[in-house]
Amino acid sequence: MNNKYDLIYEGKAKKVFTHNDSDKVIIEFKDDATAFNALKKAKFEGKGKLNCLISAKIFELLIKKNIPTHFIKLKNENTMIAKKIKIIPLEIVLRNNAYGSLCKQTTLKSGTILAKPLIDIYLKNDELNDPLLTKDRIELMKIISSKDLDLIIDLTLKINVILKSFFKNIKLQLVDFKLEFGYDFKKNIILGDEISPDNCRLWDLNQENDKIVSLDKDRFRNDLGGLIEAYTEINRRINNFI
Ligand code: UDP
Numbered sequence: 000m001n002n003k004y005d006l007i008y009e010g011k012a013k014k015v016f017t018h019n020d021s022d023k024v025i026i027e028f029k030d031d032a033t034a035f036n037a038l039k040k041a042k043f044e045g046k047g048k049l050n051c052l053i054s055a056k057i058f059e060l061l062i063k064k065n066i067p068t069h070f071i072k073l074k075n076e077n078t079m080i081a082k083k084i085k086i087i088p089l090e091i092v093l094r095n096n097a098y099g100s101l102c103k104q105t106t107l108k109s110g111t112i113l114a115k116p117l118i119d120i121y122l123k124n125d126e127l128n129d130p131l132l133t134k135d136r137i138e139l140m141k142i143i144s145s146k147d148l149d150l151i152i153d154l155t156l157k158i159n160v161i162l163k164s165f166f167k168n169i170k171l172q173l174v175d176f177k178l179e180f181g182y183d184f185k186k187n188i189i190l191g192d193e194i195s196p197d198n199c200r201l202w203d204l205n206q207e208n209d210k211i212v213s214l215d216k217d218r219f220r221n222d223l224g225g226l227i228e229a230y231t232e233i234n235r236r237i238n239n240f241i
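Heads up: the sequence shown begins at 0 in numbering that gives the first Met the number 0, then just goes up one per residue.
Have a look at this one:
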């Protein structure tokens, strides 16, 4: 990255830099992958570029459907220009099927179709291991008002309807995903972060039997191999469709 921009923040998968306009930032997607609160780490050459391109297409789709997102435009293949937002320290997970941590913490069987989408909200705090929250705990910590929380939940449900149908068209099942929201300088709630196979579970629907074939970060979490091939396939299907 050109050194005329200052690094504001470095996360596990992205770096955020200043922009000449103070209400914008430059986000660079890294090739690093982490899982289990960074206990497991690796680097996949080309992952940053794929996640940046996939996220850009998905943000464009959501913007067309009137969802406010931080995405402005791509700068290059692994860098995007976005609106500067103040991230709310909550991870909003929406689940259409039971999988991952939900199956570890409940008696629900892996893959069960949920009668209605489940929203689980976690505290974005690595030191505390991103604990699962309740509405009352969110209120106690004064993270956001209950009105803003309702707005975020409503937006997440709308995003699920759009993404579920989009992914179905490209023969992918949207099992679950994680979103992060923030406030812009006018205090509007805006979707931030990324939407990519790093934070969505996507299963291939081009399978003849009911076998689960993950085309997402579970390839790394569960040592399945072929992560770049899976992300490349998702990017290919998106580009063939849009
Ligand atoms: N997720 C994420 N970041 C996290 C935790 C989860 O992006 O720190 C995503 C994950 O990719 C999946 C969804 O949120 O699409 C639900 O993850 P889950 O709670 O099942 O946790 P996991 O099984 O990944 O530990």
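We put the beta carbon where it would ideally sit given N, CA and C, even for glycine.
Since the structure is predicted, the reported quantities are computational estimates derived from the model, not experimental observations.
### Task
Inspect the beta-carbon positions of residue 220 and residue 41 and report whether they are closer than 8 Å.
Working through the sequence shown from its first residue, we reach residue 220 at position 221. Working through the sequence shown from its first residue, we reach residue 41 at position 42. Not closer than 8 Å, so no.
### Task
Please name the residue in 39, 235, 87 and 116 whose C-alpha comes closest to that of residue 142.
Taking the first residue of the sequence shown as 1, we reach residue 142 at position 143. Selected option, being the one with the closest Cα: 87.
### the ligand UDP heavy atom lying under 7 Å from the CB of residue 98
On the sequence shown, position 99 is the one that residue 98 refers to. Under cutoff, so the answer is yes.
### Task
Ignore the nearest five residues each way along the sequence and tell me which others in residue 97's own chain have a CB closer than 6 Å to its CB.
As a working mapping, residue 97 is identified with position 98 in the sequence shown. Once the five neighbours on either side are set aside, the close Cβ partners of residue 97 are 107 and 111.
### Task
Would you give the residue range spanned by the alpha helix (DSSP H) that residue 179 belongs to?
In the sequence shown, residue 179 corresponds to position 180, counting from 1. Element bounds for residue 179: n/a, residue is neither H nor E.
### Where the alpha helix (DSSP H) containing residue 230 begins and where it ends
On the sequence shown, residue 230 is found 231 positions in, with the first residue counted as 1. Following the DSSP letters along the chain, one finds residue 230 inside the alpha helix (DSSP H) bounded by residues 226 to 240.
### Message
Please state the DSSP three-state secondary structure of residue 75.
### Response
Position 76 of the sequence shown holds residue 75. Strand.
### Message
So, with DSSP's three-state summary, where would you put residue 138?
### Response
The residue labelled residue 138 in the question sits at position 139 within the sequence shown. In this structure, residue 138 counts as helix in the three-state DSSP scheme.
### Query
Expressed to the nearest angstrom, what Euclidean distance is found between the alpha-carbon atoms of residue 157 and residue 38?
In the sequence shown, residue 157 corresponds to position 158, counting from 1. In the sequence shown, residue 38 corresponds to position 39, counting from 1. Each residue's alpha carbon lies about 33 Å from the other.
### Task
Kindly indicate if chain C contains any beta-carbon less than 8 Å away from that of residue 12.
You won't find chain C in this structure, because it holds only one protein chain.
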